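Remarks on the structure that follows.
Protein chains in written order, with my numbering: chain C, 1 to 893; chain D, 1 to 119.
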């Protein structure tokens with residue numbers, strides 16, 4: 001605690017300075033008085049005594065100064081003085097001060113906001129105790145095209161029971177539920193979880209309790225709610241406990257409510273990527289427990305035992321999965337023995353990798369972009385400070401002559417910088433504080449940990465660090481100059497005819513060239529992303545998304561128990577919809593082209609054990625015709641094609657080319673699963689080939705798609721309706737039609753297919769627009785930089801221009817002088833930026849769709865924009881140069 | 001080293017200054033006192049060998065005060081003058097003990113070398 005005392009004492013010395021000074025005076029006077037008394041007592045005359053006493057002090061002022069030094073506050077007092085001085089000088093130059101502070105506030109603000117997002121998503125520890133020990137475990141069959149998958153139920157159970165690496169394991173899968181019992185029926189995301197999951201994560205409910213393993217095993221109807229959901233649905237967390245809700249028409253009692261910040265699964269995870277509103281027991285049936293090599297749906301999370309490393313755990317799981325395969329039933333083993341590529345692999349990674357994988361690169365790109373903006377801003381400020389320093393050269397020279405040390409002047413410069421950046425930083429922090437909610441609102445919904453983004457101490461620490469570090473960057477040039485240029489030179493400069501020193505000129509030009517090079521990089525990046533986004537939006541999805549509306553319908557299994565009931569509902573709905581005015585065709589399909597599709601293995605007749613991995617879509621009615629997919633050969637599936645009657649299938653061109661590269665696919669047969677005698681699946685006949693339909697607009701990989709008739713046990717379908725007019729105007733009618741058939745059925749979303757496509761690109765759109773904003777900011781800052789430098793140069797040469805004009809110089813030649821300098825500066829910057837971008841843009845790689853990192857259009861547009869901006873910035877200085885009035889210029893002498 | 005030369009011939013270096021603070025702490029341990037009396041007491045106790053002038057004394061006192069080892073109090077003397085009285089703090093007492101034992105070790109070691117080398 002001694003340092004607290006010392007701080008208190010120092011502060012006292014600092015702030016009660018006049019008191020302390022007064023005391024020091026009194027104390028020394030007391031000494032002198034006593035010394036005089038002593039001398040007189042020893043027999044000296046009063047005059048002699050006084051003289052000796054004073055002499056013993058050895059110079060009162062020096063002694064006082066030494067006492068002040070001893071109190072150790074001189075540097076602090078000096079600094080305060082410097083701050084006061086800096087504020088005074090800055091107030092005398094309002095334009096300079098406001099420009100610099102605005103630039104700094106903007107740069108620090110955007111950096112803070114973006115840092116906050118990146119930090120929350122990528123770096124901040126997860127809100128689980130001891131989160132570093134959490135791992136995500138996945139399975140995979142790389143040989144068949146499935147490198148990473150969640151766990152299958154029996155595999156999870158085996159690993160959970162037999163491992164030596166994990167202190168606890170849990171698993172979860174999300175699914176959409178219809179909820180009723182609290183307000184209107186609606187759809188929500190539920191997570192089926194093992195009772196152990198909460199313990200693995202180390203979170204406990206704020207109200208009530210979580211369910212037990214026993215409740216899980218006995219399929220008890222108990223539910224734990226997310227905090228926000230409990231509040232929204234029941235108007236308060238207190239009211240929710242003990243209430244009954246219905247999920248897919250099955251009753252559940254609310255037994256617990258999780259704490260507010262608990263949002264799980266974390267949005268944007270690799271699998272099961274939507275935060276759940278309700279947690280219910282996973283309650284596996286005996287059938288579930290025996291579904292080997294299928295239904296890879298359960299995300300596994302585990303807590304490592306102490307002293308177990310991830311590689312050890314990984315090896316352990318690997319070993320266990322080998323045993324899983326050995327323990328498969330003989331029939332399964334026989335089937336697998338025909339698949340040489342089958343091997344069950346696994347990956348164990350830190351839990352955060354579950355959700356950072358997809359977003360890491362774009363987020364780091366954004367962080368780099370705002371870092372570049374900050375650098376450009378610093379270069380601006382550095383140049384402004386430089387030009388100010390030249391104006392103050394005589395002041396500095398005078399102070400040096402009067403004995404101010406170089407370090408003292410350097411400190412003065414730095415303190416001026418600090419004052420500017422502290423004000424800028426404070427404003428920047430406010431800016432970040434206000435823009436963060438905006439940023440969160442426009443962020444794609446699948447950005448992980450979106451709800452956690454906000455004010456926190458890490459963000460504050462970042463602001464403070466950037467604010468304190470920035471002056472050292474932008475004062476670097478001015479400081480170096482301060483230490484280089486000699487006193488004599490500065491005094492000899494004499495003010496009025498001063499042209500800048502060569503050294504300084506080089507430094508300032510270098511700053512502007514750097515700005516242009518950095519702005520080039522940012523503009524190129526933004527341009528490439530924009531091109532890529534445009535290409536993606538304009539890409540042919542393989543069908544016509546206009547005039548299409550879709551409604552997602554999931555029938556609760558508790559009520560719709562038989563295939564006949566399910567088929568009955570959908571057939572009635574489709575025929576009802578097709579009679580609505582403005583409807584041209586309708587159909588139902590298990591997934592929209594932009595949605596997730598089920599991956600399955602098929603075997604091909606006559607090709608032995610060769611298997612193919614395909615995306616499968618089931619459809620009914622005129623689904624394919626409604627989509628207007630491009631038919632290449634054969635025919636589309638029609639309402640008459642029904643399961644059991646015709647075994648028809650339509651395949652994509654990509655699949656046709658893979659499987660039958662030379663022959664005609666029409667009439668060939670395929671079936672699900674491996675071609676073994678007791679496969680049990682019927683053979684399906686290829687009746688048509690359609691052009692490739694994309695899963696995502698910005699994916700290049702041709703997709704093996706297989707469309708077949710709908711097995712009637714599938715209870716979740718997207719109804720698609722092709723309309724003649726505005727598709728959205730039919731939303732109400734569709735909703736009415738559904739509730740006419742089943743009034744208590746909750747409909748998920750009703751969106752036009754264009755909206756669905758739009759949403760699928762939201763992450764790309766978000767990062768592209770942010771980057772464009774940053775690029776524009778960089779452009780403006782670079783413009784400020786070059787305009788400032790040219791204006792400054794012109795002002796410096798007013799005298800020279802005046803003389804030239806007086807001597808009859810061509811005014812146009814003078815303006816050319818300014819323009820040439822402008823072009824030389826921006827041109828050098830562009831050249832450097834071009835060279836740098838050739839290497840740097842390669843890092844964009846996978847973020848670009850159908851756009852080369854060296855896209856010619858971008859590489860032409862960016863330098864043109866930069867040159868135009870530079871020329872625009874030079875217009876005013878050039879005008880000034882031309883219109884220099886020789887009389888005034890010379891009179892200024 | 002001649003401590004009596006502190007004020008006359010040299011700027012107090014680290015060792016001497018350390019010694020001076022030890023002396024001040026030691027004297028203040030006896031009773032609280034003011035600067036002048038302290039210098040007199042120092043002279044008297046050292047039988048006129050150590051004479052510390054105000055030029056070294058006051059900076060040393062201020063430094064010790066700033067470090068929290070001694071504390072000062074303004075009192076009115078019998079002649080109605082404001083007098084700054086210094087006294088030892090708790091931390092100062094600890095510091096004195098440690099400095100004294102350091103000094104004891106150091107001086108013993110120096111004596112050992114100086115006198116054994118002579119003898």
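All C-beta atoms in this analysis are idealised placements derived from N, C-alpha and C, irrespective of residue type, glycine included.
The model shown is predicted, which means the values in this text are computed figures rather than measured ones.
What did DSSP end up calling residue 58 of chain C once you bin it into helix, strand or coil?
coil
Min CB distance residue 70 of chain D to chain C below 8 angstroms:
no
Using beta carbons (cut-off 8 angstroms, strictly below), is residue 59 of chain D in contact with chain C?
yes
Can you check whether the C-beta of residue 495 of chain C is within less than 8 angstroms of a C-beta belonging to chain D?
Because the pLDDT at residue 495 of chain C is just 45, under 50, the model does not fix this residue reliably, and the value given afterwards should be weighed accordingly. It does not; no Cβ of chain D falls within 8 angstroms.
Tell me whether residue 4 of chain C is buried or exposed, calling it buried when 16 or more other Cβ atoms sit within 10 Å of its Cβ.
exposed
Kindly indicate the opening and closing residues of the alpha helix (DSSP H) around residue 213 of chain C.
213-217
Can you look up residue 47 of chain D in the DSSP assignment and give me helix, strand or coil?
coil
Thinking residue 202 of chain C and residue 281 of chain C are a contact (beta carbons under 8 angstroms), I'd like their distance in whole angstroms, please.
Actually they do not touch by this definition, with Cβ atoms about 19 angstroms apart.
So, are the CB atoms of residue 168 of chain C and residue 199 of chain C less than 8 angstroms apart?
yes
Is it true that the CB of residue 541 of chain C sits closer than 8 angstroms to the CB of residue 693 of chain C?
yes
How far does the beta strand (DSSP E) with residue 74 of chain D in it extend, from its first residue to its last?
70-76
Cα-Cα separation between residue 94 of chain C and residue 364 of chain C, rounded to whole angstroms
37 angstroms
Is residue 82 of chain D close to chain C? Criterion is C-beta to C-beta, closer than 8 angstroms.
yes
Pop quiz: residue 256 of chain C and residue 210 of chain C are said to be a contact at Cβ under 8 angstroms. What is the actual Cβ separation, rounded to whole angstroms?
5 angstroms
Which of the three DSSP states, helix, strand or coil, is assigned to residue 79 of chain D?
coil
In three-state DSSP terms, what is residue 878 of chain C?
helix
According to DSSP, which residues form a beta bridge with residue 587 of chain C?
C:621, C:720
What's the call for residue 47 of chain C, buried or exposed, on a 16-neighbour Cβ count within 10 Å?
exposed
Is residue 225 of chain C near residue 278 of chain C, with beta carbons less than 8 angstroms apart?
yes
Just confirm the distance between the C-beta atoms of residue 873 of chain C and residue 786 of chain C, as a whole number of angstroms; I'd bet it's less than 8 angstroms.
5 angstroms
Indicate whether at least one CB of chain C lies closer than 8 angstroms to the CB of residue 54 of chain D.
yes
Whose C-alpha, out of C:142, C:127, C:144, C:148, is nearest the C-alpha of residue 136 of chain C?
C:148
Going by the DSSP bridge assignment, what does residue 95 of chain D pair with across the sheet?
Looking at the DSSP assignment, residue 95 of chain D forms no beta bridge with any residue, so it has no partner.
Near-chain C residues of the stretch 82-97 of chain D - C-beta to any C-beta below 8 angstroms:
82, 83, 84, 91
Identified DSSP bridge partners for residue 180 of chain C
C:246
Using a cut-off of 7 angstroms between C-beta atoms, extract the partners of residue 99 of chain D located in chain C.
Here the premise fails: no neighbours, minimum Cβ distance about 15 angstroms.
CA-CA distance, residue 810 of chain C and residue 790 of chain C?
20 angstroms
Best match in D:91, D:42, D:34 for proximity to residue 6 of chain C [C-alpha to C-alpha]
D:91
Proximal residues of chain C, C-beta to C-beta of residue 66 of chain D below 8 angstroms:
6, 9, 10, 13, 70, 71, 72
As an exercise, report each continuous alpha helix (DSSP H) stretch of at least 4 residues that is fully enclosed by the stretch 599-686 of chain C, in chain order.
623-627, 653-659
Assess, as a yes-or-no matter, whether the stretch 68-75 of chain D is touched by the stretch 20-30 of chain D under the definition of 3 or more beta carbon pairs within less than 8 angstroms.
yes
Going along chain D in order, which residues have a C-beta closer than 7 angstroms to the C-beta of residue 56 of chain C?
53, 54
Is residue 39 of chain C close to chain D, meaning its C-beta is less than 8 angstroms from at least one C-beta of that chain?
no
Are the stretch 698-707 of chain C and the stretch 643-657 of chain C touching by the rule of at least three beta carbon pairs closer than 8 angstroms?
yes
Examine the Cβ distances between the stretch 545-562 of chain C and the stretch 864-884 of chain C and report whether three or more of them are shorter than 8 angstroms.
no
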